[in-house]
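S.K.:
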Amino acid sequence: MSDFRLLSHDDDEVARGLRSLYAAPAGDAYWNELESRIMARVADVELGWWTELDRWVRPALAAAAVLLLATGLAMFRAHQMEADIAVDNMLSSPSVPISTAIRPSLDNDRDARIRFLFGCSTQEPTCSAQSKQR
Amino acid sequence: MKVDTGHGLMTATTISPPFGMTSFADGKPDERALVIAAQRGSSESFAALVRLHQRRAYAVCRAIVLTHEDAEDAVQEGFLHAFKALDRFLPDQPFGAWLYRIMANASLDLVRRRKVRDADELPETIPMPFRDPGESDELRRRLNMALTKLTDRQRSVIVLHDVEGFTHGEIGEMLGIPEGTARSDLHHARAALRRILKDVRSDL
């Protein structure tokens, strides 16, 4: 290419000059190498993801399993304790009549009347008062 | 699209498919299928996309940055960004247009970083691009000198248009400027180059 080619005032000539100046590297070896470099960086990103994930998956699974087991055990124990307490309560002799244990106080007149009509224990203060009134 | 086949230099335009093209001639892989496979995690498919587009991607970056080395860096950064953003790409869109926009952004980022870093030591001339021993050093020197008189954007526009054959619209999209601005930048860049080169001739 002549030095004076660009001096012809022709846009095509300018473009030709620019093309020679900005020509991409020729030769497949260069592009193969660039592709390798690009893919190596991409692989770093990919590996980064999977390695990080892989690093956390196993401990996370183990922790989840332990947590699940502990929760299950705690729930089982709590359930067993509740059952034991209930059985103990049933078997032990009540210090108050069962009716009181079930309904410890009569909160309103309506209940008091019902108890009066169907009969009630004299140990109950409400009943005693009502018996006296009678 | 302007393709130089006369001077014997292998340009990206002669190898890669045209801008935005999504289908290939017989025997070549379908770009859309490659994109979908890459989105599903196939490294080989992404490598095939790199192979298809790296020359043109380099050309886009080279038009924006100042040196061959910076263009290489920008291409790698661009492909990395593209890989990370691949799941957000809609396969029905033209992959090339999307990719070259990423490349242009990566290049512009690099230019901005270089400017901040080299603020105290601005170069007198644009560094020499890739060397071809067969070309005249004198021609390069004069053209380089002429190119220093252009703004960064004018230089990018004229290289993208006259060397790589991108349209005004495509250039505008890549550089984030209106098509009319790209057209006007090209006009001013050509006029400036003609004027400067005329001055050089009159000095001889």
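Going down the list, the sequences are from chains R and C.
Using the working numbering, you'd call the opening residue of the first sequence number 3 and step up by one each time.
Using the working numbering, you'd call the opening residue of the second sequence number -19 and step up by one each time.
Just so it is clear, CB atoms sit at the ideal spot from N, CA and C, and this is done for glycine as well.
Computed from a prediction, not measured in an experiment: that's the story for all the values here.
1. For a quick check, are the C-beta atoms of V45/C and A39/C less than 8 Å apart?
2. If I measure Cβ to Cβ from D6/C and keep anything under 8 Å in the same chain, skipping five residues before and after, which residues do I get?
3. V89/R by DSSP, collapsed to three states: which one?
4. Taking only beta-carbon atoms, is D52/C less than 8 Å away from chain R?
5. What residues in the region 32 to 48 of chain C bring their beta carbon closer than 8 Å to a beta carbon of chain R?
6. According to DSSP, is R20/C helix, strand or coil?
7. Can you tell me whether L32/C is helix, strand or coil according to DSSP?
8. For P158/C, count neighbouring Cβ atoms within 10 angstroms of its own Cβ and tell me buried if that reaches 16, exposed if not.
9. Examine chain C for any beta-carbon lying closer than 8 Å to the beta-carbon of L20/R, and answer yes or no.
10. Using the three-state DSSP reduction, which class does F26/C fall into: helix, strand or coil?
11. A27/C touches chain R at which residues, Cβ-Cβ below 7 Å?
12. Just tell me which of R121/C, N85/C, L66/C, V55/C has its CA closest to the CA of S22/C.
13. So what does DSSP say about A26/R, is it helix, strand or coil?
14. Closer than 7 Å by beta-carbon distance: list the chain C residues that pair up with L75/R, in chain order.
15. Let me know the secondary structure DSSP gives T73/R once reduced to three states.
16. Cβ closer than 9 Å: which chain R residues qualify as neighbours of F16/C?
17. Using a C-beta to C-beta distance shorter than 8 Å, which residues of chain R count as neighbours of D142/C?
M.R.: In brief:
1. A distance of 8 Å or more separates the beta carbons of V45/C and A39/C.
2. Caution is warranted here: a pLDDT of 48 is assigned to D6/C, below 50, making its placement in the model unreliable, and no coordinate value can be reported.
3. Secondary structure at V89/R: helix, using DSSP grouped into helix, strand and coil.
4. Here the sequence assigns Glu to residue 52/C, which means Asp is not the residue at that position. Judged by the 8 Å Cβ criterion, E52/C is in contact with chain R.
5. Flagged, chain order: Q34, R35, Y38, A39, R42, A43, H48.
6. Three-state DSSP puts R20/C in coil, outside helix and strand.
7. In the three-state scheme derived from DSSP, where H, G and I count as helix and E and B as strand, L32/C is classed as helix.
8. P158/C is exposed by the Cβ-count criterion.
9. Taking 8 Å as the CB threshold, L20/R lines the interface with chain C.
10. It is helical.
11. Residues of chain R whose Cβ lies closer than 7 Å to the Cβ of A27/C are, in chain order, E37, M41.
12. For the residues R121/C, N85/C, L66/C, V55/C, the minimum Cα distance to S22/C belongs to L66/C.
13. Three-state result, A26/R: coil.
14. The premise fails here: L75/R is roughly 40 Å from chain C at the closest Cβ pair, so nothing lies under 7 Å.
15. The answer is helix: DSSP assigns T73/R an H, G or I state.
16. Here residue 16/C is Ile; the residue named in the question, Phe, does not match the sequence. Going along chain R, no residue has its Cβ under 9 Å from I16/C, so there is no contact; the nearest lies around 17 Å.
17. D13, V16, A17, L20, R21, listed in chain order.
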